[in-house]
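Reviewing the structure listed below.
In the working numbering, the protein residues as written are 6 to 108.
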């Protein structure tokens, strides 16, 4: 959100001043890189959690205590990660598009 505020504040002047346009472009690039890193991390975390919980469920079944864990929680965890990913993508798109619209 800080990048959105900075880019929005310099977008007006970037029509006349090329250094402001370059600065805006650098911040847009930074936003893209940060969002890609965050999304990549969320996907890796999602995969890791899935593997760990599947192993835990197998262990519970082997020990005969699988009835104590509600397997619908697995779907809830997946939904939570998807919502986080959606929020990051949406905020990133807003931070990229708004300065160009203001410009």
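Even glycine gets a Cβ: it sits at the ideal position worked out from N, Cα and C.
Asked                                                                                                                                                                  : Found
So, for residue 14: in the same chain, excluding its five sequence neighbours on each side, which residues have a beta-carbon less than 7 Å away from its beta-carbon? : none
Put residue 43 into one of helix, strand or coil per three-state DSSP.                                                                                                 : helix
Name the residue from 40, 23, 24 whose alpha carbon lies nearest to the alpha carbon of residue 8.                                                                     : 40
Counting Cβ pairs, one atom from each stretch, are 3 or more of them under 8 Å apart for the stretch 64-80 and the stretch 95-106?                                     : no
Confirm, please, whether the CB-CB distance from residue 90 to residue 47 is below 9 Å.                                                                                : yes
Please go through the stretch 49-96 and give each complete beta strand (DSSP E) segment of 3 or more residues, from N-terminal end onward.                             : none
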